[in-house]
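Residue numbers (the numbering used here): 264 to 621.
The structure appears below as structure tokens.
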């Protein structure tokens with residue numbers, strides 16, 4: 264993951280980069296320079312050669328990556344394809360406010376898949392995803408999304424939606440599927456035991472996020488196959504059936520990505536820094552260190568999780584969601600009741616159907 268720009272033109276109230284514990288962005292370079300981008304690409308190329316990789320997944324991220332400008336993105340992608348000795352699959356995650364025909368033509372030239380952040384209905388989206396002056400952005404985002412899906416649909420990677428349990432899940436689901444995305448990513452807002460996410464409190468019988476996801480899961484599970492899938496539910500079903508997951512925060516497989524910040528600093532999952540900045544820090548930089556030096560496993564699940572029958576599926580939850588300022592990561596997820604609600608419901612539905620056809 265390349266953080267090509269370290270600032271954002273939105274002020275989303277749930278943003279893990281700017282609103283939680285890690286404020287190092289204030290002292291980092293605003294944008295990745297061509298020199299740093301080239302050094303990062305060379306480290307990725309070195310890694311690909313060392314491990315004889317067939318494919319490298321390169322994600323352009325931020326902040327808002329389009330703030331880096333077309334010249335920077337063009338240089339970065341041209342350098343990547345020239346120097347990395349593997350097939351480079353590139354994607355970009357954007358809030359879409361700057362997405363226009365010129366950007367789409369450039370991204371098409373480099374075969375960049377485009378993911379867009381959209382929180383469903385205008386009311387749900389504009390509750391959280393506002394400009395720095397407090398204006399909602401749903402109308403602009405859907406207008407730019409229409410441009411993407413009309414003229415460059417082959418680049419459309421999908422929609423990313425952060426869950427708000429106060430907004431109806433089926434209304435949210437319908438609003439997202441109106442754009443016919445190939446994939447929808449439902450994300451839990453990031454929080455910890457020290458700073459719990461909205462609407463999440465210690466009562467284990469209170470499962471607002473689990474209830475929301477169960478309703479969405481049933482709708483997805485009962486619907487005939489269509490052009491849109493839900494990555495979280497695909498991974499959940501796969502894990503319940505004995506498979507593996509590439510969704511960070513679900514399953515026990517280690518996430519395979521590293522993050523390269525605007526100044527060339529190499530980090531583990533930057534979401535970990537939402538707890539304490541040092542949680543994602545490696546002390547490494549592309550200017551002096553290979554990527555292999557940063558490949559360390561995430562924090563282990565809490566000791567109590569190791570006796571839980573759901574561990575192979577939930578993986579203990581996202582490591583960031585386990586954190587408490589006094590005990591570190593040695594805790595169950597702050598979302599444990601919600602994850603338990605969703606996983607047990609999905610498992611029951613699957614086993615009932617499997618028993619029926621045996």
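Quick reminder that beta carbons are idealized off the backbone N, C-alpha and C, glycines included.
No experiment lies behind these values; they were computed from the predicted model shown.
- For the beta strand (DSSP E) assignment, the uninterrupted runs of no fewer than 3 residues enclosed by the region 469-540 are, from N- to C-terminal side, 528-530.
- In this chain, the alpha helix (DSSP H) harbouring residue 576 covers 574-577.
- Under DSSP, the beta-bridge partners assigned to residue 350 are 318.
- Around the CB of residue 334, fewer than 16 other CB atoms lie within 10 Å, so the residue is classed as exposed.
- Around the CB of residue 506, fewer than 16 other CB atoms lie within 10 Å, so the residue is classed as exposed.
- Just so you know, the alpha carbons of residue 578 and residue 609 end up roughly 16 Å apart.
- Each residue's CA atom was taken as its position, placing residue 614 and residue 287 some 47 Å apart.
- Linking residue 444 to residue 490 through their CA atoms gives a straight-line distance of about 7 Å.
- Counting C-beta atoms within 10 angstroms of its own C-beta, residue 566 has fewer than 16 neighbours from the protein chains shown and is therefore classed as exposed.
- DSSP, read as helix, strand or coil, puts residue 620 in helix.
- By the Cβ rule, the region 482-497 does not count as touching the region 287-304, because fewer than three pairs are nearer than 8 Å.
- With respect to the 8 Å criterion, residue 428 and residue 462 are classified as neighbours on the basis of their beta carbons.
- Residue 535 sits buried, since 16 or more C-beta atoms from the chains shown fall within 10 Å of its C-beta.
- Contact between residue 584 and residue 421 is ruled out by a C-beta separation of about 23 Å, above the 8 Å threshold.
- The beta carbon of residue 355 lies closer than 6 Å to those of 323, 328, 375, 377 in the same chain, with the five residues before and after it left out.
- Ranked by Cα distance from residue 404, the options 542, 361, 606 are led by 361.
- The alpha-carbon separation between residue 350 and residue 373 amounts to approximately 12 Å.
- If you ignore the 5 residues before and after residue 358, its C-beta comes within less than 8 Å of the C-beta of 271, 272, 273, 327, 379, 380, 392, 400, 404, all in its own chain and listed in chain order.
- Pairing residue 524 with residue 346, the inter-Cα distance amounts to about 20 Å.
- Distance between residue 517 and residue 562, taken at the CA atoms: about 10 Å.
- Looking only at 415, 502, 382, the smallest Cα-Cα distance to residue 371 is reached by 415.
- Here residue 352 is exposed. Its C-beta has fewer than 16 other C-beta atoms within 10 Å.
- Burial state of residue 407 is buried, judged by a 10 Å Cβ sphere holding 16 or more other Cβ atoms.
- Boundaries around residue 420 are those of the beta strand (DSSP E), 419-425, since no alpha helix (DSSP H) includes it.
- By the CB criterion at 8 Å, residue 266 and residue 332 fall outside the cutoff.
- By the 16-neighbour rule on beta-carbons within 10 angstroms, residue 289 is exposed.
- About 5 Å separates the beta carbon of residue 605 from that of residue 473, a gap short enough to meet the 8 Å contact definition.
- Unbroken beta strand (DSSP E) runs of no fewer than 3 residues, entirely contained in the region 264-340, are found at 318-324, following chain order.
- Between residue 495 and residue 448, the C-beta gap is smaller than 8 Å, which places the two residues in contact.
- Here residue 463 carries a coil assignment [DSSP, helix/strand/coil].
- At least 8 Å separates the beta-carbon of residue 383 from that of residue 442.
- Judged by DSSP secondary structure, residue 450 falls within the beta strand (DSSP E) whose first and last residues are 446-450.
- In this structure, DSSP gives residue 355 an extended state, which the three-state scheme calls strand.
- Taken in chain order, the unbroken stretches of beta strand (DSSP E) that lie wholly in the region 351-411 and span 3 residues or more are 375-380.
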